[in-house]
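Going line by line, the protein sequences match chains Y and E.
The first sequence begins at 1 in our numbering and counts up one residue at a time.
The second sequence begins at 111 in our numbering and counts up one residue at a time.
For glycine and all other residues, C-beta sits at the position ideal for the given N, C-alpha and C.
Heads up, the thing below is written out as structure tokens.
There are 2 protein chains.
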Amino acid sequence: MEQRIKERLEARANILKALAHPTRLFIIEQLEQNECSVNELTAMVSVDVSTVSKHLSQLKQVGLICDEKRGNQVFYRLAVPCVMNFFDCVEAVIDEQRARYLHLMDGGRK
Amino acid sequence: MEQRIKERLEARANILKALAHPTRLFIIEQLEQNECSVNELTAMVSVDVSTVSKHLSQLKQVGLICDEKRGNQVFYRLAVPCVMNFFDCVEAVIDEQRARYLHLMDGGRK
DNA sequence: TGACTATTTGGCTAGTATGCAAAATAGTCA
DNA sequence: TGACTATTTTGCATACTAGCCAAATAGTCA
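Following this line, the structure appears as structure tokens:
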């Protein structure tokens, strides 16, 4: 595999890796609605605030979200508007999986 | 976070995790062009055939690709047609990153 | 059957990711 | 300044991933 191709694929993989965690997906979905502080997000997920902070810095590092400090709080918001369109196809895969599963359950009859 | 939501996000995360590796992205791009045997794919990437086989089984496991045995070879192809549209938005994030980087290089002048 | 090719699986190591708790940092407000 | 709140960083334990090699499995063909 050529170096140039490899670098392009690594860049993509880094973004996908940042998205590939339930808590981080949840954060992205919340930020789609409103900007949120770390505290607000922590209240919604059941993990430690330090863990949430780390998830946020991962998302920020790949450029999916950005932050702004106001007072002693830090507010995060999406840096890229289209992130969620992006999931239509993920959902298509999930629907396929479900279909395959039901097919199996059904003994392949239908 | 509710159980139902959690399960949905885990399903998504699993698919993203399967995609989040340069070699697996490369495989997906190849299969977009043609179906390929394990050997053919191995010739294109510089990792052991056993590693390629494992990457393929990960992609298969989440339903992104499917396989068909013909003779003593196994041919893999995409199970879901839209996988690559899906990257327009990943590319948008990468472009943003590049813009931000150039901006920094430029001392924020432009 | 035996030799061969193609693929998958198991075992191992090294590197990476997750998450908590504690400590450090930054800001507010009396 | 001191007490307080919000956030990030560090240290650490645990668990997962990627990759190689060797072994197992499956198919072809003489």
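Give me whichever residues DSSP pairs with E178(E) in a beta bridge. F185(E)
Check: For F75(Y), which residues from the same chain have a beta carbon less than 6 Å from its beta carbon, with the 5 sequence-adjacent residues on both sides left out?
Finding: E35, S37 and E68
* To do: Going by DSSP, name the residue or residues bridged to S37(Y).
  => F75(Y)
Chain-order list of residues whose beta-carbon lies under 6 Å from that of V62(Y) (same chain, five-residue window excluded): N14, I15 and A18
Report, in whole angstroms, the separation of the C-beta atoms of P191(E) and E10(Y), which I expect to be a contact under 8 Å. Going by Cβ atoms, the distance from P191(E) to E10(Y) rounds to 25 Å, so no, they are not a contact pair.
- Query: Which term fits K110(Y), buried or exposed, when burial requires 16 or more other beta carbons within 10 angstroms of its beta carbon?
  - Reply: Residue confidence for K110(Y) is low, a pLDDT of 36 falling below 50, so the modelled location carries little weight; the figure read from the coordinates is stated next. Under this definition K110(Y) is an exposed residue.
Collapsed DSSP secondary structure at H55(Y) in the structure displayed: helix
Report yes if the C-beta distance between L151(E) and Q168(E) is below 8 Å; otherwise report no.
no
If we define contact as Cβ-Cβ less than 8 Å, is D188(E) a contact residue for chain Y? In the sequence as displayed, the identity of residue 188(E) is Leu instead of Asp. No, its Cβ sits nowhere closer than 8 Å to a Cβ of chain Y.
Within the same chain, show all residues whose beta-carbon is closer than 6 Å to that of A130(E), passing over the 5 residues directly before and after it, in chain order. none
What does L25(Y) touch in chain E if you count any residue whose Cβ is under 7 Å from its own?
L119, R122 and A123
> Using a beta-carbon distance below 8 Å, is K170(E) in contact with chain Y?
Replying inline: no
Practice task
Decide if L56(Y) is buried, meaning its Cβ has at least 16 other Cβ atoms within 10 Å, or exposed.
Solution key: buried
(request) Tell me whether A20(Y) sits in a helix, a strand or coil according to DSSP, three-state version. (result) coil
Requested in this report: Check whether the Cβ of I19(Y) lies closer than 8 Å to any Cβ atom in chain E.
Outcome: Reading off the sequence, residue 19(Y) comes out as Leu, not Ile. Output row for L19(Y): interface = yes.
What residues in its chain sit with their C-beta under 6 Å from that of Q183(E), if we drop five residues either side in the sequence?
S147
Any Cβ of chain Y within less than 8 Å of the Cβ of Q143(E)? no
- Tell me which same chain residues have a C-beta within less than 8 Å of the C-beta of L174(E), skipping the five on either side of it? I125, A128, L129, I138, L188, A189, V190 and V193
Practice task
Taking only beta-carbon positions, decide if V45(Y) is within less than 8 Å of chain E.
Solution key: yes
_Any beta carbon of chain E sitting closer than 8 Å to that of L16(Y)?_
yes
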